[in-house]
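Take our numbering: the last position of the sequence shown gets the number 931, and nothing is skipped along the way.
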Amino acid sequence: MTTHVLTYAEAIMAGTEQVGGKGLNLARMARYGFPVPVGGVLRADAYRRLLTGGHFREPLERLAHCKALDASDPKVGADLGRFADAIRGESLPREVVGEIQRFVNSQGLADKPLAVRSSATSEDGADTSFAGIHSSTLNVVGLSAIVRAILDCYASLWTPRALAYRRRMGIEDSDAACAVVLCEMVAGPRGIPVAAGVAFSCDPRTGRRDVITVNAAAGLGDAVVSGDVTPDEYVVEAHSPHAIVARSERGAPLLDNSRIAELGRLVWRVHWSLGEGQDPQDIEWAYDGRRFWLLQARPATRLPRWTFPSRSSDRAIWSNANVKDSFPNPATMITWSMMEGVVRNVLFASLNLIRFPLPPGMEVMRRFTGRFYFDLAILQWAMYDAIGITPAETNRTTGGFQPEISVPTGNAMGGGAGLRRAWRRLRMLRGLAGFRRRLPIAIDAVFRENRRGRAIDLVLASDAELLGELGRRIALGNSFTPDIQLAAAYYGAWMTVLQDVLGRLTGDRQQALVTRLLAASGSVASAEHGYRLIDLADLVRREPAARAAIATDDCDAWRQLDRQSPFRQAFEQYLDEFGHRGVCEMDFGSPRWRDDPTYLLQQIRALVAMEKSADPRRRATQVRLSAEQALHRLPWLARPWVRWMLGKTRHGASLRESAKSAAAASVELVRHGLLEVGRRMGERGKLRDPDDVVHLCIADVEAFLSGEWSGDGAAELAGDRKGSLARWQRETPPDVIIDDQPTPANPSASRNASESDAQAVTAWTGVAAAPGQAEGPACVIDTPQHGVRLAAGDVLVAPSTDPAWTPLFLRASAIVMETGGYLSHGAIVAREFGIPSVVNIPGIMTDVASGDRLRVNGDTGDVWLLRHASASSSETETVPQELPS
47 MTTHVLTYAE
57 AIMAGTEQVG
67 GKGLNLARMA
77 RYGFPVPVGG
87 VLRADAYRRL
97 LTGGHFREPL
107 ERLAHCKALD
117 ASDPKVGADL
127 GRFADAIRGE
137 SLPREVVGEI
147 QRFVNSQGLA
157 DKPLAVRSSA
167 TSEDGADTSF
177 AGIHSSTLNV
187 VGLSAIVRAI
197 LDCYASLWTP
207 RALAYRRRMG
217 IEDSDAACAV
227 VLCEMVAGPR
237 GIPVAAGVAF
247 SCDPRTGRRD
257 VITVNAAAGL
267 GDAVVSGDVT
277 PDEYVVEAHS
287 PHAIVARSER
297 GAPLLDNSRI
307 AELGRLVWRV
317 HWSLGEGQDP
327 QDIEWAYDGR
337 RFWLLQARPA
347 TRLPRWTFPS
357 RSSDRAIWSN
367 ANVKDSFPNP
377 ATMITWSMME
387 GVVRNVLFAS
397 LNLIRFPLPP
407 GMEVMRRFTG
417 RFYFDLAILQ
427 WAMYDAIGIT
437 PAETNRTTGG
447 FQPEISVPTG
457 NAMGGGAGLR
467 RAWRRLRMLR
477 GLAGFRRRLP
487 IAIDAVFREN
497 RRGRAIDLVL
507 ASDAELLGEL
517 GRRIALGNSF
527 TPDIQLAAAY
537 YGAWMTVLQD
547 VLGRLTGDRQ
557 QALVTRLLAA
567 SGSVASAEHG
577 YRLIDLADLV
587 RREPAARAAI
597 ATDDCDAWRQ
607 LDRQSPFRQA
617 FEQYLDEFGH
627 RGVCEMDFGS
637 PRWRDDPTYL
647 LQQIRALVAM
657 EKSADPRRRA
667 TQVRLSAEQA
677 LHRLPWLARP
687 WVRWMLGKTR
697 HGASLRESAK
707 SAAAASVELV
717 RHGLLEVGRR
727 MGERGKLRDP
737 DDVVHLCIAD
747 VEAFLSGEWS
757 GDGAAELAGD
767 RKGSLARWQR
777 ETPPDVIIDD
787 QPTPANPSAS
797 RNASESDAQA
807 VTAWTGVAAA
817 PGQAEGPACV
827 IDTPQHGVRL
837 AAGDVLVAPS
847 TDPAWTPLFL
857 RASAIVMETG
867 GYLSHGAIVA
877 REFGIPSVVN
887 IPGIMTDVAS
897 GDRLRVNGDT
907 GDVWLLRHAS
917 ASSSETETVP
927 QELPS
């Protein structure tokens with residue numbers, strides 16, 4: 047490694063304090079295989095060394111007292127001019143000049159025209175761009191010219207515009223050292239680029255996130271950057287196939303449609319590689335007649351918030367609410383790149399059903415520490431404006447204790463706006479009625495496609511054929527996934543109606559009554575795969591060979607059992623029906639149970655080790671039958687209607703969980719195709735581990751299969767993302783973030799115990815999700831893989847619960863969740879099992895320790911800490927459920 051002049055690979059290690067924002071981003075793009083001109087970076091220490099000369103001390107101290115407005119003062123301008131001239135008149139140290147000479151010789155640049163570009167340590171960042179503030183010199187040939195250009199870059203930090211910008215942005219002069227990029231000029235057939243310009247992976251004027259904006263002009267791109275020419279402008283779809291949606295040209299087109307689309311795809315990959323798919327990038331590019339070259343990339347700063355016109359002043363409220371139910375952990379990059387658009391459609395599925403107009407290109411999803419958050423402010427306003435659902439009601443369905451936006455006072459259903467909202471509600475109910483008939487057909491189609499796709503030998507397909515097959519699989523998932531939300535809306539609508547009717551007939555106990563009535567419906571897919579594990583455990587108890595097979599650490603030992611083995615046959619059937627599911631099953635990086643059944647075998651071992659207790663189906667059925675007795679006390683005219691509504695609600699729960707199961711099947715199908723891409727990239731030396739394909743984004747995969755990207759840099763790109771994922775796993779972000787600032791947990795979620803419960807130490811109130819009461823030692827588990835720690839009768843305390851948690855429910859006396867809503871997966875399954883459950887208690891994972899004795903009331907949503915672990919006994923007591931009167 048040289049002392050002062052760094053290659054791009056060395057610049058990555060040096061960081062922005064030595065190579066500046068421009069130098070670091072060029073180095074990152076080179077590392078990830080993007081087309082970047084040959085070059086390197088002169089470290090900022092050379093600038094610092096120059097300015098530490100004693101004759102610069104006095105003018106530096108004088109200029110340090112200047113304010114932003116002073117930069118327009120002619121006297122200050124004259125001082126700056128003299129200071130800049132003094133810098134230009136300096137000489138670089140001999141050893142630095144020698145290193146520059148050796149570097150350009152080693153890179154084959156000694157006699158070639160170079161771009162010598164400033165890369166200040168404070169520029170091209172997330173908040174400060176310094177766009178056009180500092181100088182660059184193009185077509186520099188020879189060592190002496192390079193040195194003069196470097197000194198010009200240094201001097202450009204001391205112009206009135208540079209000083210005013212630093213003062214405006216609160217940047218100290220000492221924090222703005224200057225590195226310098228030295229790179230080869232891009233030359234076309236006539237010695238200059240055919241076209242060059244800038245591109246944004248957004249609309250920089252409005253902040254729209256669904257388009258790419260391209261400016262282009264003939265020749266060098268500096269004329270576009272400086273505003274000296276009126277460029278051609280193209281607006282391209284951000285997502286594949288990157289079609290041109292608008293164009294404005296001043297003469298003959300510089301680029302044909304195919305080239306513009308190619309540039310759009312390249313810009314979009316930079317958006318994902320440097321901007322993580324959510325921070326739009328400002329990119330300088332050049333086209334030499336054969337290929338595009340990337341000259342610079344930096345975050346697009348100060349973008350407007352693009353939302354509903356009447357709500358542009360709203361702050362973003364980033365919430366993980368019920369998203370955490372499906373994505374409890376940091377997501378792999380392949381998942382984020384495909385789900386970013388899908389989740390947008392899921393959030394607004396019910397509004398899309400009635401074709402309610404939504405501003406296109408809103409940023410509704412964002413990641414914090416790798417986890418998914420959606421903009422609750424946008425969702426709350428959309429639901430209110432469309433159908434009159436209040437922010438409080440939206441919070442109740444999405445997961446409880448969250449901030450609420452302000453809406454106009456008065457009745458949302460009154461006046462002309464209210465009539466329009468009422469009409470949209472009717473249209474939505476009609477759409478949901480049709481959806482109920484359509485959804486089972488769509489679910490069956492997904493499972494048929496899953497079986498077809500898994501039977502295809504993708505190894506035999508060409509890259510182009512694999513790209514087409516993968517595209518079809520992704521399209522299937524994209525078109526189906528919104529059905530999860532529609533199924534939840536259908537279920538939620540009927541549950542609300544049932545609760546309202548029973549509330550009028552029975553008083554304020556309707557929620558507990560409804561949740562008991564929903565137990566043991568027998569048609570909730572996620573509950574069924576839990577029940578079936580109990581059946582498998584019973585088979586193991588009766589089959590010594592099976593008991594021995596599952597007792598080993600070899601997850602394939604069961605396959606060595608005789609083909610007539612009852613357990614083997616039943617387990618094969620189980621994997622055929624439920625093998626598409628898995629832990630964190632909506633992440634494309636998560637193995638499916640049929641790929642790795644270790645988790646299932648662990649749960650069967652735990653069930654076998656338990657004393658055989660009463661059939662959980664019978665327990666849940668007793669809960670439901672007891673609740674149904676309460677219906678006999680209703681007015682006889684109301685009973686048929688209530689039973690009819692109850693049937694609709696039960697059917698809604700079944701549809702919701704079946705849709706989730708089908709979505710998991712579509713994820714498995716895409717994952718199957720992605721693993722083949724990984725195998726090919728590993729075989730061609732582009733990935734160290736074929737499974738690392740899940741750390742690429744879908745745009746990377748498409749570029750590789752189409753031949754637009756060789757895959758060079760894929761190992762480094764995947765490795766860096768893999769490292770970020772491991773780091774994020776160790777972090778615990780808040781549930782709500784407002785304007786990128788975390789907010790405290792709901793203060794009303796935790797309170798002191800009431801005097802009437804003298805033995806309680808602490809108490810919390812969450813959302814009552816499943817009825818009944820239970821008491822037992824807490825078992826705090828952050829992932830279902832740790833479920834072996836859960837003993838029979840423990841109170842399961844979990845962050846959230848995707849379907850992989852279901853087997854643990856059957857060993858728990860009650861369930862408490864940190865997040866989740868009344869309609870979340872965990873709530874549905876807990877009701878089906880008849881197990882008391884309370885959800886949405888922020889901080890419960892840290893407030894409670896394993897072994898603490900808890901009492902859970904699923905009727906009221908209360909949880910009490912009775913004794914700390916050090917003082918608690920190992921006894922577990924299930925409190926008889928209080929039946930509705």
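Where is the CB? At the ideal position from N, CA and C, for every residue including glycine.
These numbers were taken from a predicted model, which means no experiment stands behind them.
- Arginine 627 is classed as buried because its beta carbon has at least 16 other beta carbons within 10 Å across all chains shown.
- DSSP, reduced to helix, strand and coil, places tyrosine 577 within a helical segment of the structure shown.
- If you look at glutamine 342, you'll find it in the beta strand (DSSP E) that goes 338-345.
- When secondary structure is reduced to three states using DSSP, arginine 163 falls in the strand class.
- Put simply, the backbone Cα of lysine 768 is about 37 Å away from that of leucine 301.
- Burial state of serine 220 is exposed, judged by a 10 Å Cβ sphere holding fewer than 16 other Cβ atoms.
- Residue environment for histidine 111: exposed (fewer than 16 other C-beta atoms within 10 angstroms of its C-beta).
- Under DSSP, glutamine 327 forms a beta bridge with Pro345.
- A contact between stretches requires three or more CB pairs, one per stretch, nearer than 8 Å, and the stretch 736-744 fails this requirement with the stretch 343-357.
- Burial is judged here by how many other beta carbons sit within 10 angstroms of a residue's own beta carbon; tryptophan 810 has at least 16 and is buried.
- For tyrosine 430, the enclosing alpha helix (DSSP H) covers residues 422-433.
- Fewer than three pairs of CB atoms, one per stretch, sit closer than 8 Å, so the stretch 544-561 makes no contact with the stretch 697-708.
- With distances taken between CA atoms, asparagine 886 lies nearest to Val862 out of Ala264, Asp828, Val862 and Arg663.
- Of the other Cβ atoms in all chains shown, 16 or more fall within 10 Å of the Cβ of glutamine 531; this residue is therefore buried.
- The alpha-carbon of arginine 401 is positioned some 23 Å away from that of isoleucine 520.
- Bounds of the beta strand (DSSP E) holding asparagine 185 are 182-186.
- Judged by DSSP in its simplified three-state form, alanine 820 adopts strand.
- For cysteine 601, DSSP assigns no beta-bridge partner whatsoever.
- The closest CA to that of alanine 814, considering only Gly904, Ser137, Leu404 and Gly464, is found on Gly904.
- No Cβ-Cβ contact shorter than 8 Å links alanine 438 with leucine 478.
- About 23 Å separates the Cβ atoms of valine 275 and valine 291, ruling out a contact at the 8 Å cut-off.
- For tryptophan 851, no beta strand (DSSP E) encloses it, and the DSSP letter there is neither H nor E.
- Secondary structure of serine 286 (DSSP, three-state): coil.
- Contact check for lysine 158 and glutamate 56: beta-carbon distance about 21 Å, past the 8 Å limit, so the pair fails to qualify.
- Between arginine 311 and alanine 745, the CB-CB gap stays under 8 Å.
- For the options Gly387, Asp584 and Glu409, the alpha carbon positioned closest to that of threonine 527 is the one of Gly387.
- By the 16-neighbour rule on beta-carbons within 10 angstroms, threonine 865 is buried.
- Distance from the CA of leucine 751 to the CA of leucine 513, rounded to the nearest whole angstrom, comes to 6 Å.
- Around the CB of threonine 561, 16 or more other CB atoms lie within 10 Å, so the residue is classed as buried.
- Selection Asp641, Leu320, Ser359 and Glu714 evaluated against alanine 343 yields Leu320 as nearest (Cα-Cα).
- Short of 6 Å from the beta carbon of valine 389, and not among the five residues preceding or following it, lie these beta carbons of its own chain, in chain order: Met411.
- Counting other Cβ atoms within 10 Å of its Cβ, tryptophan 639 reaches 16 or more and is therefore classed as buried.
- Non-local C-beta neighbours of methionine 429 in its own chain, meaning closer than 6 Å and more than five positions away in sequence, comprise Ile435 and Thr440, ordered along the chain.
- Pairing glycine 127 with leucine 138, the inter-Cα distance amounts to about 20 Å.
- Unbroken beta strand (DSSP E) stretches of 3 residues or longer found wholly inside the stretch 578-655: none.
- Residue pairing by DSSP places valine 862 opposite Val843 and Val884 in a beta bridge.
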